[in-house]
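Accompanying notes for the structure given below.
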Amino acid sequence: MSTETTNKDILRGGQFLVKETKCEDIFTLEDLNEEQKMMRESTKEFVDRELWAHWERFEKKDYAYTEECMRKAGELGLLSVAVPESYGGMGMGFVSTMLVCDYISGATGSFSTAFGAHTGIGTMPITLYGTEEQKQKYVPRLASGEWFGAYCLTEPGAGSDANSGKTKAVLSEDGKYYSITGQKMWISNAGFCNMFIVFARIEDDKYITGFIVENDPENGITLGDEEKKLGIHSSSTRQVFFNETKVPVENMLSERGNGFKIAMNALNIGRIKLAAACLEAQRRVLNEATKYANERIQFKTPIMNFGAIKAKIADMATNAYVDEAACYRAAKNIEDRIAIRESEGNSHQEAELKGVEEYAIECSILKVAVSEHVQHTTDEGIQIFGGMGFSADTPMESAWRDARISRIYEGTNEINRMLAVGMLIKKAMKGHVDLLGPATAVGEELMGIPSFDTPDFSELFAEEKDMVARLKKVFLMVAGSAVQKFGPDLDEHQMLLMSAADILIQVYLAESAILRTEKNAKRFGEEAQVAQIAMSKLYLYRAVDIISQKGKEAIVSFAEGDEQRMMLMGLKRFTKYTNQPNVVALRTQIADKVAADNGYTFD
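Per our numbering, the very first residue in the sequence shown carries number 4; after that it's consecutive.
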């Protein structure tokens with residue numbers, strides 16, 4: 004695809020809500036090129052050999068084994084996928100970096116956390132914000148696994164409010180170094196890292212500043228004990244204390260006061276990568292659950308034959324399929340936006356920063372949705388295994404515990420829900436996404452007489468795509484009215500924002516699945532996509548239910564009288580099927596395919 008075509012076709016972040024996306028314009032896992040497929044296979048081989056085969060070691064707090072596996076990953080080049088070639092990396096595109104993050108993260112949350120902390124927030128801030136000297140000095144070591152990185156942002160009093168940190172950086176009298184003093188907590192990789200990205204405040208600056216700090220115990224750096232955690236047992240997580248730690252002035256990262264911006268942009272990338280890191284965990288849990296259900300005999304038949312189990316398997320497979328569709332759709336949008344900016348003369352650093360920032364809304368949507376789906380999948384995995392699922396002798400209970408942190412990492416899901424809607428409204432205010440026009444049109448439609456014509460839904464997904472278009476109207480109706488009513492004070496109405504966010508999330512995921520399947524049905528034939536069609540329809544059905552509930556919850560909470568009645572009528576109109584799907588038949592179709600394949604085969 005040429006840059007010119009890409010620039011013309013690609014939607015800006017958030018525009019999926021107000022502009023139609025054609026299936027031909029999205030990227031799916033089925034579009035991987037040969038190099039990417041080889042990268043996926045080599046990653047899976049590494050995981051099966053080094054991680055999955057030894058999952059019990061990670062449960063026994065074998066921190067040394069986590070470090071050993073990280074070094075092996077470095078030797079295979081898996082730590083350097085996102086690093087430019089000029090600094091010893093592979094310099095691969097954003098989709099490829101997502102792919103490796105996806106398939107390397109499914110066996111154990113301990114390794115996934117170490118990998119993500121090192122390649123993401125440990126290395127990335129230097130590649131994106133560092134000076135040429137800083138990048139030449141540190142990035143090749145980090146890319147090869149010779150050195151490991153960690154990220155020191157959170158403090159006892161500064162979690163979601165990241166800029167409220169108390170750690171201080173004081174310039175020496177001779178102006179040659181800063182003296183950093185403070186306490187950081189929940190620092191992943193702290194026990195074996197060689198370098199920290201540290202955020203501290205200089206004097207009474209409004210914003211914090213970033214620093215590259217080498218881990219030298221003789222330079223006022225001490226570590227707390229390993230934290231006792233619900234999950235990710237072999238991820239080294241410790242407090243880090245800085246006591247007048249001297250840091251050369253040339254180790255300031257970017258400019259003074261730019262730390263909050265660095266932290267926020269690192270989180271944008273971290274959010275979509277975290278979503279990717281939850282994909283393979285879903286596949287592996289589903290695979291184990293399917294094998295068990297096919298083999299476990301009760302009442303003289305495999306439990307897979309029971310409808311109650313089929314429903315669980317179908318929902319688990321559907322979530323994984325839909326999450327893949329949404330994650331790789333957004334990843335390719337980001338990759339294309341980076342390519343456009345580079346073609347316009349932006350440096351790689353600036354292009355990647357702005358490319359990801361453009362899709363910050365989608366990054367937050369994905370982080371929330373996929374982290375909640377992986378928790379549901381691991382919970383259902385335990386249930387399918389029954390008593391054995393509750394036993395530490397099977398990997399189900401550890402998968403459930405490891406999954407729990409993903410709803411807290413990279414900004415809690417509550418924060419990300421509010422961010423998604425808040426960022427969309429800000430984009431509308433700046434004129435980057437036209438919400439006002441479509442929202443006004445929805446308001447006028449509510450005042451008009453609805454059409455009673457029976458539409459032609461004979462083509463594949465004709466009714467589903469019509470439904471998605473109407474679900475977008477629900478968001479515009481609810482969010483538009485809320486903005487009109489509360490204006491700049493909308494931020495104070497968090498429960499309304501959360502309801503609006505859930506509508507936004509379901510729209511993006513349902514549409515992504517339908518577009519993925521429509522694209523593949525056109526090129527492979529509908530008969531080759533029977534289960535995928537069923538999963539897309541099933542997810543949409545569930546999305547409609549969630550949107551109906553959240554829409555009603557919002558409307559009855561801020562609208563009254565005639566306005567409330569009109570909006571509730573609109574909600575009913577916008578969420579009404581002409582032809583209700585047979586949900587039991589859809590679930591049966593999906594589960595039977597997964598059972599026959601003895602696992603998830605849609606990637």
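We put the beta carbon where it would ideally sit given N, CA and C, even for glycine.
- By the neighbour-count criterion, in which 16 or more other beta carbons inside 10 Å mark a residue as buried, P128 falls on the buried side.
- Here the alpha carbon of G133 sits roughly 11 Å from the alpha carbon of I265.
- Residue burial is scored here from C-beta neighbours: T604 has fewer than 16 other C-beta atoms within 10 angstroms and is therefore classed as exposed.
- Taking every protein chain shown into account, the CB of R420 has 16 or more other CB atoms within 10 angstroms, so this residue is buried.
- With fewer than 16 other CB atoms across the displayed protein chains lying within 10 angstroms of its CB, A395 is exposed.
- The way I'd put it, the segment 541-548 does touch the segment 500-517; three or more beta-carbon pairs between them come closer than 8 Å.
- For V436, the secondary structure class from DSSP, reduced to helix, strand or coil, is coil.
- Spanning the alpha carbons of C155 and A269 requires a straight line of approximately 12 Å.
- Here T31 carries a coil assignment [DSSP, helix/strand/coil].
- Within the DSSP secondary-structure output, M198 pairs in a beta bridge with G152, E217.
- Fewer than three beta-carbon pairs drawn from the segment 525-532 and the segment 341-359 are found closer than 8 Å, and the two stretches are therefore not classed as touching.
- Between the alpha carbons of T443 and F309 lies a distance of about 49 Å.
- For the set C26, F151, E360, G564, the Cα lying nearest the Cα of K75 is the one of F151.
- Here R568 is exposed, its C-beta having fewer than 16 other C-beta atoms within 10 Å.
- Close CB contacts of T457 within its chain, under the 8 Å cut and outside five residues either way in sequence, are with T581 (chain order).
- Cβ-Cβ distances below 8 Å link L233 to R404, R407, I408 in the same chain, with the five nearest sequence neighbours on each side left out; the list follows chain order.
- In the structure shown, the three-state DSSP call for L277 is helix.
- With distances taken between CA atoms, E365 lies nearest to A279 out of E78, V597, A279.
- Excluding sequence positions up to five before and after D606, its CB lies within less than 7 Å of the CB of L32, R286, E327, all in the same chain and listed in chain order.
- Annotation: I506 to D469 spans about 16 Å, alpha carbon to alpha carbon.
- For N336, there is no enclosing beta strand (DSSP E); the residue is part of the alpha helix (DSSP H) that begins and ends at 310-346.
- Per the DSSP secondary-structure output, M255 pairs in a beta bridge with F214.
- Annotated three-state conformation of R15 is coil, per DSSP.
- Counting only residues of its own chain and dropping the five nearest sequence neighbours on each side, E217 has a CB closer than 6 Å to the CB of M198.
- Per DSSP, Q186 lies in no alpha helix (DSSP H); the unbroken beta strand (DSSP E) holding it starts and ends at 180-191.
- When DSSP states are grouped into helix, strand and coil, E447 belongs to the helix group.
- Setting aside the 5 residues that flank it on each side, T116 is surrounded in the same chain by S191, I235, S238, each with a C-beta closer than 7 Å to its C-beta; the list follows chain order.
- Closest by C-alpha distance to F478, out of K555, A537, K47, is K555.
- Boundaries of the alpha helix (DSSP H) harbouring V373: 363-388, taken from the DSSP string.
- Here the alpha carbons of G490 and L463 stand approximately 41 Å from one another.
- The DSSP-derived three-state label of A562 is coil.
- I129: member of the alpha helix (DSSP H) spanning 127-132, first to last residue.
- A direct Cα-to-Cα measurement between T130 and P87 gives close to 8 Å.
- If you compare the alpha carbons of E229, M95, V243 with that of T157, the shortest gap goes to V243.
- With 16 or more other CB atoms across the displayed protein chains lying within 10 angstroms of its CB, A524 is buried.
- In the structure shown, the three-state DSSP call for N246 is strand.
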